[in-house]
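Counted from 1, the sequence shown has number 64 at position 64 by full-length UniProt numbering; the numbering is strictly sequential.
Note that CB positions come from ideal geometry on N, CA and C, so glycine has one too.
All values reported here derive from a predicted model rather than from experimental measurement.
Take a look at the structure below.
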Amino acid sequence: MAQEIQINSVVLLGMSEQYTRLNIQKLKNTQRIVGGLMGKNMGGKVIINSSFELVYEVDNLNEISKIDKDHLIKKVQLIKKDDPYNHFRNDEFIGWYSNTPDSQYQKNDIEIHKQISNIMNHFQAGDDGDSVDKLNEETLYLTINLNQNILNNPNQRNVPMNLYRGEEKNNQFSFLQVPYTINAEKGETISIEAASSSSSQLKSKFSEKMQSTLNAVNRYNEKIEELLKLLENPQVSKNMLLMRELKEILNAYPSQVQGQLDQALLTQYSDANIMSFLSAISATNRVVQDVYSCNSNLKNSKNNYGFEYAGGFR
């Protein structure tokens with residue numbers, strides 16, 4: 001059982017981004033987020049490095065009822081993909097997270113915890129069972145209150161979240177709260193380096209795809225020019241069947257394409273802005289933490305030097 005649990009701040013950024021994005025899409029603040037936690041389990045120490053979204057089903061009361069097993073397993077396999085550029089390939093599944101109104105676990109969360117724990121137990125064992133009768137006490141559950149405004153509450157000093165592990169006593173399942181620390185110094189560096197290495201790795205593939213797209217656009221432009229030259233011939237206008245088909249195409253094109261194109265461009269633009277904003281926050285936070293660490297080390301070195309000078313050099 002882990003004696004020390006560290007959570008990188010990039011995990012909190014990912015949870016906040018997921019909550020904001022889903023509620024903007026739903027246009028209401030009742031959407032509950034659910035996701036998995038990945039990291040390293042080194043016996044007495046657990047480090048949570050990253051997170052990912054989970055797909056789930058809800059019941060008639062809009063409560064979480066079932067986790068999509070196939071989606072969970074595929075996401076874990078993708079994160080652990082054996083690739084020299086993948087910084088998280090040696091990470092393990094640590095647990096899951098969700099948002100709650102008061103950072104406390106909900107009534108049916110223990111059943112979801114048993115589902116997720118059992119899915120990962122069967123996955124690691126190599127079988128395909130679906131029972132939910134076993135609880136893995138190593139699986140963690142992170143709850144966070146994303147509606148609480150910390151900046152406007154002077155009495156709130158900590159992030160409104162709790163960390164739990166499952167516990168079974170006398171055939172009764174319950175959650176036991178465990179302590180944790182937020183590591184805001186190295187998480188952003190890992191995420192930024194992973195993003196930069198992935199972008200450089202995919203640069204050649206992106207160039208090839210863009211070249212193919214450019215060739216297709218050039219061919220399309222040549223066809224349009226041929227069609228325009230053809231329409232300049234007075235004899236073409238006498239072909240009523242051809243003119244009728246051309247009119248139908250021109251009338252249908254804006255209504256069928258323009259709306260979808262605008263929505264796709266807006267979605268892509270919004271996603272790009274969100275990623276740029278999060279990258280800027282992560283980079284800024286990394287610089288601030290580096291400056292803070294250097295300042296702390298400098299103060300400690302001055303204090304040690306003054307002590308040695310006072311006691312040993314006079």
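For residue i, three-class secondary structure by DSSP
i, result
"S200", "At S200 the pLDDT is 48, less than 50, meaning the model places this residue with poor confidence; the figure from the coordinates comes in the next sentence. Three-state result, S200: helix."
"S103", "coil"
"K247", "helix"
"G312", "Because the pLDDT of G312 is 47, which lies under 50, any placement of that residue in the model is unreliable, and the question is left without a value."
"F123", "helix"
"F307", "Low confidence applies to F307: its pLDDT is 48, below 50, so where it sits in the model is not reliable, and the reading given next is rough at best. Three-state result, F307: helix."
"T189", "Bear in mind that the predicted position of T189 carries a pLDDT of just 49, short of 50, making it unreliable; the figure below should be weighed with that in mind. Of the three classes helix, strand and coil, the one that applies to T189 here is helix, per DSSP."
"N147", "coil"
"N162", "strand"
"E222", "helix"
"Q235", "coil"
"F277", "helix"
"V288", "helix"
"L176", "strand"
"N295", "helix"
"N300", "helix"
"A272", "helix"
"D133", "Residue placement at D133 is poorly supported in this model, since its pLDDT is 49, which falls under 50; the coordinates are not used for a value here."
CA nearest to the CA of residue i, picked from the options
i, options, result
"residue 348", "R32, I67 and Q3", "For residue 348 there is no data in the structure shown, the boundaries of the chain being 1 and 314."
"E138", "E232, I274 and V178", "V178"
"S9", "L278, K299 and D83", "L278"
"G36", "K169, N99, Q25 and N145", "N99"
"K45", "I7, N285 and Y164", "I7"
"Q124", "I24, V288, K74 and V159", "K74"
"Y180", "L142, Q172, T213 and N147", "L142"
"N62", "M42, Q106, P84 and N90", "Q106"
"H87", "L242, V58 and M38", "M38"
"I48", "Y85, N60, K69 and N90", "N90"
"Q172", "E111, F52 and T213", "E111"
"L231", "L72, A283 and L246", "L246"
"V159", "K169, E168, S296 and N147", "N147"
"Q25", "R286, E222, T267 and Q115", "T267"
Test item: CB-CB of residue i and residue j under 8 Å
i, j, result
"S65", "V11", "no"
"K40", "E92", "yes"
"I67", "I119", "yes"
"N162", "Q104", "yes"
"G166", "H122", "no"
"V76", "Y56", "no"
"N145", "D109", "no"
"I281", "L54", "no"
"I94", "L22", "no"
"L228", "V236", "no"
"Y97", "M42", "no"
Range of the contiguous alpha helix (DSSP H) that encloses residue i
i, result
"I33", "That residue, I33, is in no alpha helix (DSSP H); it is neither H nor E in DSSP."
Span of the beta strand (DSSP E), counted from its first residue to its last, around residue i
i, result
"L140", "L140 to I144"
"residue 330", "This structure does not reach residue 330, given that the chain is present from 1 up to 314, and the question cannot be answered."
"N183", "T181 to N183"
C-beta neighbour in chain C for residue i, strict 8 Å
i, result
"I116", "Given the protein chain composition of this structure (a single chain), no chain C is represented."
Near the ligand HEM: residue i beta-carbon under 7 Å from a heavy atom
i, result
"K169", "As presented, the structure is devoid of all ligands, the ligand HEM included, so that no description of it is given."
Q. Quick one: complete alpha helix (DSSP H) runs, 4+ long, within the UniProt domain "JAB1/MPN/MOV34 metalloenzyme" (3 to 119)?
A. 9 to 26 and 69 to 79
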